[in-house]
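A quick write-up on the structure given underneath.
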Amino acid sequence: MKSLKRFKKGIILILALALVIVAGCQAIQGVDFNTVLKNTLKVTSAESKQSVELKLLMNEEAYEGMPEEDIALMKLFSNMKLQLDSVKVQDASHVSYAGKLIFGDNVSIGFSIKQSDTTAVIEVEGAKLPIVLDVTGAGIGSMLGTAELGEKAAGSDDESVTAIGKEVLDSATSFFIDNLPNPDKISVNAVQEPINGVNTSLFHVKAEMSGTEIWAWVKKYVDVLASDRDGLETFVKEIVAIMSSHPEFWEEMGVNPFEQTGLDMPTTDDMIKEMTDELEATFASLQEELKAMEEEGGEDLKAIFNDDSSIKAELYVDSKMDIRKQVIDVTLKPSDQALFPLDGLSLRMESELWNVNGKVEADAPVIPAQAIHSDQLDSMQGYQFLRMFDKQSAAYSLLDKLGIGEQTVELSVDSSLYPAIVTPKYVTIVPVRVVAEQLGASVKYDKKKKNVTVYDEATNTTIVLKEGSDRVTVNGKAATWSFVAKTVDGTLYAAGRDFANALGAKVHWDDSWGSDTFVIERVVH
16 MKSLKRFKKG
26 IILILALALV
36 IVAGCQAIQG
46 VDFNTVLKNT
56 LKVTSAESKQ
66 SVELKLLMNE
76 EAYEGMPEED
86 IALMKLFSNM
96 KLQLDSVKVQ
106 DASHVSYAGK
116 LIFGDNVSIG
126 FSIKQSDTTA
136 VIEVEGAKLP
146 IVLDVTGAGI
156 GSMLGTAELG
166 EKAAGSDDES
176 VTAIGKEVLD
186 SATSFFIDNL
196 PNPDKISVNA
206 VQEPINGVNT
216 SLFHVKAEMS
226 GTEIWAWVKK
236 YVDVLASDRD
246 GLETFVKEIV
256 AIMSSHPEFW
266 EEMGVNPFEQ
276 TGLDMPTTDD
286 MIKEMTDELE
296 ATFASLQEEL
306 KAMEEEGGED
316 LKAIFNDDSS
326 IKAELYVDSK
336 MDIRKQVIDV
346 TLKPSDQALF
356 PLDGLSLRME
366 SELWNVNGKV
376 EADAPVIPAQ
386 AIHSDQLDSM
396 QGYQFLRMFD
406 KQSAAYSLLD
416 KLGIGEQTVE
426 LSVDSSLYPA
436 IVTPKYVTIV
446 PVRVVAEQLG
456 ASVKYDKKKK
466 NVTVYDEATN
476 TTIVLKEGSD
486 RVTVNGKAAT
496 WSFVAKTVDG
506 TLYAAGRDFA
516 NALGAKVHWD
526 DSWGSDTFVI
536 ERVVH
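Mapped onto our numbering, the consecutive letters of the sequence shown carry residue numbers 16 to 540.
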């Protein structure tokens with residue numbers, strides 16, 4: 016029964032994904048929107064250029080009393096744009112992108128990504144070396160979090176799940192798309208529009224909904240879905256038929272719910288009825304939730320779903336019912352301060368496609384002799400990542416402003432493991448290895464000399480300590496610290512303030528979490 020529950024959970028997940036992904040309308044003036052949608056889901060190769068721009072409308076009151084640096088940073092990130100000047104999709108595993116990230120009015124960072132079925136190479140403007148990622152096996156199974164099942168499939172489940180997903184989306188059309196209502200404001204006109212520089216005959220579709228209309232549209236759609244029991248049952252039957260027709264997938268999973276027999280095992284009809292009941296109950300529950308939201312938070316809903324908020328879409332569709340160009344604008348402006356410190360936000364998405372389902376050759380990734388690999392990124396300190404970029408580059412400046420080089424070590428006096436210790440002389444001592452390694456430094460012990468050597472790459476500092484002595488050397492120069500190096504429960508401790516100062520850090524106490532905590536902080540550029 017456990018395997019059946021897992022199967023049902025997977026089915027419900029796939030159905031939910033299908034509902035999120037699909038959207039469509041009835042045909043208008045020669046444009047069959049269901050076909051348009053189905054064609055969109057069946058695009059396997061194409062070339063395009065795309066952009067996504069997010070603008071945050073800041074409330075001026077939010078800046079009051081804020082440091083100038085923070086205000087500048089907020090303004091910088093209040094207008095962000097991802098611009099893809101070249102997208103080449105050869106197939107699901109071979110893709111290349113080239114474009115730029117734009118922040119504010121004058122910060123632009125170019126980049127390119129080239130991906131095959133095993134490797135992705137990322138190059139960023141200003142970076143000294145490209146980044147190489149191993150994408151082998153990073154497929155649908157792992158993205159959905161089905162690691163336990165994925166391990167059994169040894170990575171080969173991705174192809175099967177992808178095939179199943181495509182069939183599910185095809186089957187979703189009859190139930191989810193055909194039931195989808197049209198917006199009230201929609202029009203279609205024949206136009207000539209340049210696509211990749213070529214003047215093309217297209218249908219120009221314009222649709223618009225205000226926030227008030229969006230809420231009414233959502234309720235209407237949920238009502239239609241909840242009332243179509245026959246359509247839902249037909250849909251579930253199609254899904255079960257698809258799943259049962261892929262024995263290779265279940266073989267990899269180690270169990271096939273369609274082949275299990277026994278007196279207590281449900282039949283296929285039982286599965287269909289139970290899943291249909293669950294989905295029907297889900298839509299009914301959603302109806303009740305929407306109703307409760309109106310009754311309990313009517314004013315709050317009106318504040319968000321108002322006439323100042325809207326969705327506007329312009330689609331350019333060719334004679335094959337392929338979308339060749341689209342512009343979508345989403346504006347959210349609550350009538351009160353529901354989003355404070357924001358007055359609202361706007362999102363604009365644009366794209367232009369050509370060579371749809373044609374022969375496309377994506378730019379292939381080439382791994383250079385010198386590169387940063389993903390396993391190196393996992394163990395990098397922030398300052399090490401920052402130093403991957405030229406100091407004169409926009410990327411370095413942006414990362415530096417974001418504080419990627421900031422480092423903090425917190426040691427509570429109440430910790431049962433490596434606490435900060437306040438001595439009778441009121442000198443705070445800290446565990447040397449713990450502090451050093453959290454800051455990215457290395458620690459070595461010389462058995463012959465009985466010395467401990469700390470090397471900090473960030474500041475190019477070498478510190479030599481000896482247990483029982485307050486004498487140390489910092490970069491070869493002798494110094495005396497305020498307390499002797501002392502072993503506590505097998506861990507070498509040293510004077511915290513002196514140790515921090517030698518590493519270019521500052522210290523302070525913090526009791527905001529209910530416990531006295533010794534804090535070591537520094538910024539490495």
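Here a beta-carbon is modelled for each residue, glycine too, at the ideal position from N, C-alpha and C.
Predicted, not measured: the structure shown is a model, and the values here were computed from it.
* To do: Check the DSSP bridge columns for G331 and list the partner residues they point to.
  => Stepping through the sequence shown from its first residue, residue 331 is reached at position 316. Note that residue 331 is Tyr in the sequence shown here, rather than Gly. DSSP lists H219, K340 as partners of Y331.
* Asked: Three or more beta-carbon pairs under 8 Å between the stretch 324-332 and the stretch 220-240, yes or no?
  -> yes
* Of all Cβ atoms in chain C, is any one closer than 8 Å to the Cβ of D344? -> The structure shown contains no chain C; it holds only a single protein chain.
* Just to confirm, are V503 and W496 a CB contact at a threshold of 8 Å? -> Looking up residue 503 in the sequence shown gives position 488. Looking up residue 496 in the sequence shown gives position 481. Result no, Cβ atoms of V503 and W496 do not sit closer than 8 Å.
* Using 10 angstroms around the beta-carbon of E76, count the other beta-carbons present and answer buried if the total reaches 16, otherwise exposed. => Position 61 of the sequence shown, counted from the first residue, corresponds to residue 76. Exposed is the call here.
* To do: Give the DSSP-derived three-state secondary structure of E163 in the structure shown.
  => Counted from its first residue, the sequence shown places residue 163 at position 148. Confidence at E163 is low in this model, with a pLDDT of 39, below 50, so the placement of that residue is unreliable and no value is reported for it.
* Can you have a look at G541 and say buried or exposed, based on whether 16 or more other CB atoms are within 10 angstroms of its CB? => The structure shown does not extend to residue 541, since the chain is modelled only from 16 to 540, so the question has no answer here.
* **8 Å CB neighbourhood of M158 in its chain, flanking five on each side removed** => Position 143 of the sequence shown, counted from the start, is the residue given in the question as residue 158. Note that M158 has pLDDT 35, beneath the 50 cutoff, so the model's placement of it is unreliable and the number below is only indicative. Excluding residues within five positions, none has a Cβ falling inside 8 Å.
* Simplified DSSP assignment, three categories, for V102 -> For this step, residue 102 is matched to residue 87 along the sequence shown. In this structure, V102 counts as strand in the three-state DSSP scheme.
* To do: Give the straight-line distance between the Cα atoms of K481 and A509, rounded to the nearest whole angstrom.
  => Sequence index remark: in the sequence shown, residue 481 carries index 466 (1-based). Sequence index remark: in the sequence shown, residue 509 carries index 494 (1-based). Straight-line Cα distance between these residues: approximately 10 Å.
* According to DSSP, is K14 helix, strand or coil? -> A question about residue 14 goes unanswered here, because the residues of the chain that appear run from 16 up to 540.
* Asked: In or out: T443 buried (at least 16 other Cβ within 10 Å) or exposed?
  -> The residue you call residue 443 lines up with position 428 of the sequence shown. Buried, because 16 or more other Cβ atoms sit within 10 Å of the Cβ of T443.
* Asked: Going by the CB atoms, is the gap between R512 and V499 shorter than 8 Å?
  -> Translated into the one-based positions of the sequence shown, residue 499 becomes position 484. Translated into the one-based positions of the sequence shown, residue 512 becomes position 497. In this structure, R512 does not lie closer than 8 Å to V499 by Cβ.
* To do: Could you tell me which residues DSSP puts in a beta bridge with A113?
  => The count along the sequence shown starts at 1 and reaches residue 113 at position 98. BP columns for A113 point to S101, S127.
* Asked: How many Å lie between T506 and D461 at the Cα?
  -> Here residue 506 is taken as the residue at index 491 of the sequence shown, counted from 1. Here residue 461 is taken as the residue at index 446 of the sequence shown, counted from 1. Near 15 Å, if we compare the C-alpha coordinates of D461 and T506.
* Please state whether DSSP places E75 in a helix, a strand or coil. => Against the sequence shown, residue 75 aligns to sequence position 60. Helix.
* When DSSP builds the beta bridges, which residues end up paired with R486? -> Here residue 486 is taken as the residue at index 471 of the sequence shown, counted from 1. Paired residue(s): T495.
* **Euclidean distance between Cα positions of S108 and L217** => Taking the sequence shown and counting its residues from 1, the one referred to as residue 108 is at position 93. Taking the sequence shown and counting its residues from 1, the one referred to as residue 217 is at position 202. Going from the Cα of S108 to the Cα of L217 covers about 30 Å.
* To do: Could you have a look at V375 and say whether DSSP puts it in helix, strand or coil?
  => The sequence position of residue 375 within the sequence shown is 360, counting from 1. V375: coil per DSSP, three-state reduction.
* Between which two residues does the alpha helix (DSSP H) carrying G226 extend? -> Within the sequence shown, numbered from 1, the residue matching residue 226 stands at position 211. That run of the alpha helix (DSSP H) goes 226-242.
* To do: Sort out for me which residues DSSP pairs R537 with in a bridge.
  => Here the question's residue 537 lines up with position 522 in the sequence shown. Its beta-bridge partners are Q422.
* Could you tell me which residues DSSP pairs with E138 in its beta bridges? => Along the sequence shown, read from residue 1 onward, the residue named residue 138 stands at position 123. DSSP lists S127 as partners of E138.
* Keeping to the same chain, check which residues put their C-beta closer than 7 Å to that of M336; ignore five residues upstream and five downstream. => Translated into the one-based positions of the sequence shown, residue 336 becomes position 321. Closer than 7 Å at Cβ, skipping near neighbours: D47, T50, V51, N54.
* Rounded C-beta distance between I305 and K252? I'm assuming under 8 Å. -> Counted from its first residue, the sequence shown places residue 305 at position 290. Counted from its first residue, the sequence shown places residue 252 at position 237. The question names Ile, yet the displayed sequence has Leu at residue 305. Incorrect: roughly 28 Å between the Cβ atoms, too far for contact.
* Residue range of the alpha helix (DSSP H) that includes G397 -> Here the question's residue 397 lines up with position 382 in the sequence shown. Its alpha helix (DSSP H) spans residues 397-401.
* Starting from A299, follow the beta strand (DSSP E) in both directions and report where the run begins and ends. => For this step, residue 299 is matched to residue 284 along the sequence shown. A299 -> not in any beta strand (DSSP E); alpha helix (DSSP H) instead, spanning 283-311.
* To do: Label M290 either buried or exposed according to how many other C-beta atoms from any shown protein chain fall within 10 Å of its C-beta, with 16 as the threshold for buried.
  => Counted from its first residue, the sequence shown places residue 290 at position 275. Buried, because 16 or more other Cβ atoms sit within 10 Å of the Cβ of M290.
* If we count the other Cβ atoms within 10 Å of its Cβ and call it buried at 16 or more, is L240 buried or exposed? -> Walking along the sequence shown from the start, residue 240 turns up at place 225. Burial call: buried.
* **the stretch 98-108 contacting the stretch 398-417, beta-carbon criterion three pairs below 8 Å** => Contact fails: fewer than three Cβ-Cβ distances are below 8 Å.
* Asked: What are the boundary residues of the alpha helix (DSSP H) that includes E452?
  -> On the sequence shown, position 437 is the one that residue 452 refers to. Element bounds for E452: 447-453.
* **One or two residues paired with P196 in a DSSP bridge** => On the sequence shown, residue 196 is found 181 positions in, with the first residue counted as 1. In the DSSP output, where bridge partners are listed per residue, P196 has none listed.
* Residues sharing a beta bridge with I444, DSSP -> Taking the first residue of the sequence shown as 1, we reach residue 444 at position 429. Under DSSP, the beta-bridge partners assigned to I444 are I436, A510.
* **DSSP-derived helix/strand/coil call for L144** => Residue numbering aside, residue 144 sits at position 129 when the sequence shown is read from its first letter. In this structure, L144 counts as coil in the three-state DSSP scheme.
* Compare the beta carbon distance of L392 and Q422 with 8 Å and say whether it is the shorter of the two. => Locating residue 392 in the sequence shown gives position 377, counting from the first residue. Locating residue 422 in the sequence shown gives position 407, counting from the first residue. Taking 8 Å as the Cβ cut-off, L392 and Q422 do not qualify as a contacting pair.
* Asked: Looking only at its own chain, which residues have a Cβ that is under 6 Å from the Cβ of A494, when we skip the five neighbours before and after it?
  -> By one-based count along the sequence shown, residue 494 stands at place 479. Counting only Cβ-Cβ distances below 6 Å, and skipping sequence neighbours, we find V487.
* Asked: Between the stretch 348-363 and the stretch 68-87, do at least 3 Cβ pairs fall closer than 8 Å?
  -> yes
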